[in-house]
Structure formats: C-alpha cells, structure tokens
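Asks: Okay, handing you the structure first.
Number of protein chains: 2
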Amino acid sequence: MKEEYTIGKLAKESGVTVETVRFYEQKGLINQPSPKSGYRKYPYDDVIKIRFVKRAKELGFTLNEAKELLQLRVKSDAKCGQVKLKAEQKLEDVDKKIKDLNKIKRSLKSLIQTCSNNESSTSECPILESFEKDKK
Amino acid sequence: MKEEYTIGKLAKESGVTVETVRFYEQKGLINQPSPKSGYRKYPYDDVIKIRFVKRAKELGFTLNEAKELLQLRVKSDAKCGQVKLKAEQKLEDVDKKIKDLNKIKRSLKSLIQTCSNNESSTSECPILESFEKDKK
DNA sequence: CTTTACTCCGTTGTGTACTACAGGGTTTAT
DNA sequence: ATAAACCCTGTAGTACACAACGGAGTAAAG
C-alpha cells in the first residue's frame, strides 16, 4: 500500500484499464494530479475511489451518481444541510433497490425450489410479478 | 386491465415510449405479435414484462440479463436442471448486490447521523470504504 | 546508454440502449 | 368522409461508458 501510483499501477490495482482511469479523470471522478515530472502520480485514495465507482455501477448507479456519492464525503463543512439532504435521497434510492432485489431474490428462490421438487407442471416462475404485488 | 393493447397504450401503461417497445421487441424481450389487421396487439403480460425490465435495469442488470431473468419462467419443462442452475447463478448476483447496497446504506446512514450531530469536524464519510472493509 | 516498458495527448471506434425522423398506411371521431 | 390521431417499416442520430490507436516523450533495467 504505497502512496504514489503511476496510472498503470493505479489501473491494475483498482481493476480497470488505463483508459478508464483517464476517462474518470476527465469526468471529474478523481482529480487530476498535474503531471509534475512528466508523469502523473496518484494517491492510494484513488484506488479506493475507482473500486467504489466500479461497484456502484454494477449496482445500477450512473457515473454521475457515483460521483455524487463520492462527493458526499469531505464537503461536510459549510453545507452540511445540503449534504444531509442528498444523502437522505440516496438512502431512499438504495432502500428501494434493496427491496426490489429482495423481491427478485424471493422469486428466484421459489423457482429453484419448484425446480428441485421436480413435479414441474409448467411451473410458472413468479419473477414476472416481482414488482406487481402490492402495486397501486 | 384489458387484454389487448395497441403499442401506444402498452407504452403508456408500462411507462416507456413507443420506440422503446419496438426496440425491446427487436431484442426479443417481448415477442412480436404478427400485425394481423395492420396494427399489432399486445397482451397485458407485456405491460408487466416491460415494467420488470425497466426496474431490472435500474438495479444494474443489462437488457440481456433482464431477458434471461424473464426467460427463467415458462421454460421449466425439459431443461429444469439448466433453469435451476441459471436461477442459482442469478441468485448469487442478486445476493451480492443486496450485500453491497447494504454497505452503502450503512455508510449513508452514518453520514446522515454525523451531519445531524452537527459537530462536523471535517467529518469523513465512510462511504468510500464501503467495499474496503473485510477485503482480502 | 540503449532497449524495453511505460506514459503523454488527442482522435477515432465500439457496444448498449435508446430517440428521432421520413414517408407512408389505418382508425376513430366528428 | 375527411381530418386528427395513431400505427407501420426502415434508417439515421444521440448519450453514455469506455477501448483502441498513433506518434511522441520519459523512466528503468541490463
């Protein structure tokens, strides 16, 4: 866990490509370290940031949303109220996602169960109704 | 809840545009009802399918993955073993997503808490470490 | 001190998921 | 029965998130 990373090492360490790092830099997900000696040096923090972004994307957040999530830390000085508000909104999103994923999970479990008791009478998987129960 | 939908009504009812419906049709997410009388008619089932796809996407599944999830129902005749396997894989995915979302959730909650006790000493939000704890 | 590996910047290409016409035909309402 | 609203097929364009490449400079290893 050194403190200085070249772009290549950063990329490898965080599980993305060099191009992705540069892309994220452009988009402001990590801040550009001005190339002091020709090459840029990145702190270890950026490894963690990029890993976070990677996973956030897999969870259905866009790059911009991931950026917002990242920005929630640090800025808690003057605009604590704003940060709190944003955090609360994100929390709602996250909660809804968890709920819906649990619905899908239950459906999948039930499907696996039905498949195991191989009575298989054109067993309808309830996955389609995942988001229909308790609706309206 | 009628049984026959024109593409426009289907789109409206499922919260997407007409173009999106056609796009999903092309991609095989819903099956093309041959335009018997010049216009196509869709069953109510397609409303539910499209709503499902929509939400699945927000949960980080691709269109193809959503398609796979949809295909898990129905086909449980001969290849029950295959379906079960696929369902089990999806279940793992879903479980991992839920776990990670819970980590983010805890981070957000803690951030909100810190913000509420307005001691705000450059309070570092732990969201960045969401996926770093218990790693390696 | 030269070779090899890595980096720089900029431009272009790729895959996914739509979105917007264009130029028609069909249905429905008045 | 005709105008408005809706549908058809097909093609082209857009936004996001990278990936690949070209041509040149820099760093590190032997």
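If you read the protein sequences in the order shown, they are chains W and D.
Mapping of the first sequence onto this note's numbering: position 34 corresponds to residue 34, and the numbering continues sequentially without gaps.
To convert a position in the second sequence, counted from 1, into this note's numbering, add 1000.
Using N, Cα and C, we set each Cβ at its ideal position, and we do this for glycine too.
Note that this is a predicted model, so its numbers are computed, not measured.
Sort out for me which residues DSSP pairs W:Y5 with in a bridge.
Replies: W:Y42.
Asks: Tell me, please, whether the CB atom of D:G1060 is closer than 8 Å to any CB atom in chain W?
Replies: True, the Cβ-Cβ gap to chain W drops below 8 Å.
Asks: Return the residue from the list D:S1037, D:F1023, D:G1015, D:Q1071 that minimises the CA-CA distance to D:R1055.
Replies: It is D:G1015.
Asks: Compare the Cα-Cα distances from W:G28 to each of W:G60, W:E88, W:A66 and report the closest residue.
Replies: Selected option, being the one with the closest Cα: W:A66.
Asks: Please list, in chain order, the chain W residues whose beta carbon lies closer than 8 Å to that of D:N1102.
Replies: I98, listed in chain order.
Asks: With 8 Å as the C-beta to C-beta threshold (strictly closer), list the residues of the stretch 1015-1046 of chain D near chain W in chain order.
Replies: From the stretch 1015-1046 of chain D, only D1045 have a Cβ closer than 8 Å to chain W.
Asks: So which residues on chain D does W:L63 lean against when the C-beta distance must stay under 7 Å?
Replies: Those do not exist, as W:L63 stays about 13 Å from chain D at its closest Cβ, beyond 7 Å.
Asks: Measuring only between beta-carbons, confirm whether D:I1112 sits less than 8 Å from chain W.
Replies: True, the Cβ-Cβ gap to chain W drops below 8 Å.
Asks: Just tell me which of W:Y44, W:I98, W:R51, W:I112 has its CA closest to the CA of D:G1081.
Replies: When only C-alpha atoms are compared, the closest one is W:I112.
Asks: Ordered along the chain, which non-local residues of its own chain (more than five positions away) have a Cβ less than 6 Å from that of W:A11?
Replies: So the list reads T17, V18, V21, once near-sequence residues are dropped.
Asks: Taking three-plus beta-carbon pairs below 8 Å as touching, is the stretch 1030-1046 of chain D in contact with the stretch 1080-1100 of chain D?
Replies: In short, these stretches do not touch, since the Cβ pair count stays below three.
Asks: Between D:K1109 and D:G1008, what straight-line distance do the alpha-carbon atoms span, to the nearest angstrom?
Replies: So the alpha carbons of these two residues sit roughly 42 Å apart.
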